[in-house]
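Engineer: The structure is given below, and queries will be raised subsequently.
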Ligand code: FE
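Numbering (our numbering), first residue to last: 1 to 218.
Printed below as a string of structure tokens:
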């Protein structure tokens with residue numbers, strides 16, 4: 001589509017957001033499933049319901065400007081969801097708080113992307129006098145901001161646990177290194193005792209041989 005005016009820009013952005021929200025409807029259940037804490041799982045589940053509403057709201061906004069609701073591939077959201085999938089794949093049962101922290105970070109990138117998109121769309125709609133559309137988009141914008149705020153609170157409450165997991169990992173690693181070092185030293189002492197024994201023996205022998213040689217008459 002060639003952009004001819006601000007109206008085209010708004011419609012194009014709405015189509016992009018429509019696709020983005022639909023992608024998110026598919027992704028959020030996987031993120032909820034991957035969450036370790038009940039609070040994060042509930043936050044994702046709750047935002048899934050809101051996201052379904054965002055899709056419906058965009059359809060109302062399209063209707064208000066008499067445009068057929070169509071989705072245009074949103075590359076930005078596609079990439080952000082790919083990152084969410086990576087985070088899910090890399091999460092570990094052994095460090096649930098850190099894995100949740102990574103999920104929150106990925107989810108907040110999604111929210112910030114949406115906040116940027118809805119903020120701009122609402123401003124353009126308002127500037128063109130599409131008050132109904134502006135109001136609809138602003139309502140979603142506020143929900144995205146609230147979701148982002150909830151994620152920040154969840155991150156703050158899980159940070160201490162995530163750091164403890166890191167400390168525990170460091171302690172485990174340090175204990176492993178100490179144990180390996182001790183075992184290596186024991187092996188080394190065992191082998192050097194043998195070496196020393198052998199060399200002492202050799203040395204005694206050579207000393208005895210030297211004595212013998214010096215005792216021998218010239
Ligand atoms: Fe949304």
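The C-beta atom is built at its ideal place from N, Cα and C for all residues, glycine as well.
If I measure Cβ to Cβ from residue 213 and keep anything under 7 Å in the same chain, skipping five residues before and after, which residues do I get?
Structural biologist: Reading the chain shown from its first residue, position 213 is the one you call residue 213. Note that residue 213 scores a pLDDT of 42, beneath 50, so its modelled location is shaky and nothing firm can be said.
Engineer: With a threshold of 8 Å between beta-carbons, can residue 57 be considered close to chain C, or not?
Structural biologist: Absent here is chain C; the protein component of the structure consists of one chain.
Engineer: Going by the CB atoms, is the gap between residue 154 and residue 17 shorter than 8 Å?
Structural biologist: Here residue 17 is taken as the residue at index 17 of the chain shown, counted from 1. Here residue 154 is taken as the residue at index 154 of the chain shown, counted from 1. No, Cβ-Cβ distance for residue 17 and residue 154 is not below 8 Å.
Engineer: Cα separation between residue 182 and residue 98?
Structural biologist: Residue 182 sits at position 182 when you count from the first residue of the chain shown. Residue 98 sits at position 98 when you count from the first residue of the chain shown. Near 31 Å, if we compare the C-alpha coordinates of residue 98 and residue 182.
Engineer: Classify residue 200: buried if its beta carbon has 16 or more other beta carbons within 10 angstroms, exposed otherwise.
Structural biologist: Within the chain shown, the letter at position 200 stands for residue 200. Its pLDDT being 41, under 50, residue 200 is placed unreliably by the model, and nothing is read from it.
Engineer: Please state if the CB of residue 133 and the CB of residue 64 are separated by a distance shorter than 8 Å.
Structural biologist: Here residue 64 refers to the residue found at position 64 of the chain shown. Here residue 133 refers to the residue found at position 133 of the chain shown. Cβ atoms of residue 64 and residue 133: closer than 8 Å.
Engineer: Within this structure, are the beta carbons of residue 118 and residue 151 separated by less than 8 Å?
Structural biologist: For the purposes of this step, residue 118 is taken as residue 118 along the chain shown, with counting starting at 1. For the purposes of this step, residue 151 is taken as residue 151 along the chain shown, with counting starting at 1. For residue 118 and residue 151, no; Cβs fall outside 8 Å.
Engineer: Could you give the uninterrupted runs of the alpha helix (DSSP H) lying entirely in the segment 69-144, keeping only those of 4 residues or more?
Structural biologist: 75-90 and 96-127
Engineer: Where does residue 2 sit, in a helix, a strand or coil, going by DSSP?
Structural biologist: The residue given as residue 2 occupies position 2 in the chain shown. Coil at residue 2, not helix or strand.
Engineer: Rounding to the nearest angstrom, what Cα-Cα distance links residue 59 and residue 32 in this structure?
Structural biologist: Here residue 59 corresponds to residue number 59 of the chain shown, with the count starting at 1. Here residue 32 corresponds to residue number 32 of the chain shown, with the count starting at 1. So the two alpha carbons sit approximately 26 Å from each other.
Engineer: Leaving out five residues before and five after residue 120 in sequence, what residues of the same chain have Cβ atoms less than 8 Å from its Cβ?
Structural biologist: For the purposes of this step, residue 120 is identified with residue 120 of the chain shown, where counting begins at 1. Excluding sequence neighbours, residue 120 sits near 13.
Engineer: Let me check you understand the geometry: is the CB of residue 66 closer than 7 Å to at least one non-hydrogen atom of ligand 1?
Structural biologist: Residue mapping note: residue 66 aligns to position 66 of the chain shown, counting from 1. It does not: the Cβ of residue 66 is nowhere closer than 7 Å to a heavy atom of ligand 1.
Engineer: Kindly confirm or deny that the segment 36-53 and the segment 68-85 touch, where touching means at least three C-beta pairs closer than 8 Å.
Structural biologist: no
Engineer: What does a CB cutoff of less than 6 Å around residue 196 pick up in its chain, not counting 5 residues either side in sequence?
Structural biologist: Against the chain shown, residue 196 aligns to sequence position 196. In this prediction, residue 196 scores a pLDDT of 46, lower than 50, which makes its location untrustworthy; no coordinate-derived value is stated.
Engineer: Looking at residue 19 and ligand 1, is the gap between the Cβ and the nearest heavy atom below 7 Å?
Structural biologist: As a working mapping, residue 19 is identified with position 19 in the chain shown. Answer for residue 19: no, Cβ out of range of ligand 1.
Engineer: Considering only C-alpha positions, which residue in the set 6, 1 and 2 is nearest to residue 128?
Structural biologist: Residue numbering aside, residue 128 sits at position 128 when the chain shown is read from its first letter. Checking every option, the nearest Cα to that of residue 128 belongs to 6.
Engineer: Note down, in chain order, each residue of its chain lying with its Cβ closer than 7 Å to the Cβ of residue 15, except the 5 sequence neighbours on either side.
Structural biologist: Counting from 1 along the chain shown, the entry for residue 15 is found at position 15. 70, 71 and 72.
Engineer: Does the beta-carbon of residue 77 have 16 or more other beta-carbons within 10 angstroms, so that it is buried, or is it exposed?
Structural biologist: On the chain shown, position 77 is the one that residue 77 refers to. Residue 77 comes out buried.
Engineer: Which same chain residues end up closer than 6 Å to residue 223 when comparing Cβ atoms and leaving out the 5 residues on each side of it in sequence?
Structural biologist: In the structure as shown, the chain begins at 1 and stops at 218. Residue 223 is therefore absent and cannot be evaluated.
Engineer: Excluding the five sequence neighbours on either side, which residues of its own chain have a C-beta within less than 8 Å of the C-beta of residue 148, listed in chain order?
Structural biologist: Here residue 148 corresponds to residue number 148 of the chain shown, with the count starting at 1. So the qualifying residues of the chain are 108, 111, 112 and 115.
Engineer: Should residue 163 go down as buried or exposed, given a rule of 16 or more other Cβ atoms within 10 Å for buried?
Structural biologist: By one-based count along the chain shown, residue 163 stands at place 163. Exposed.
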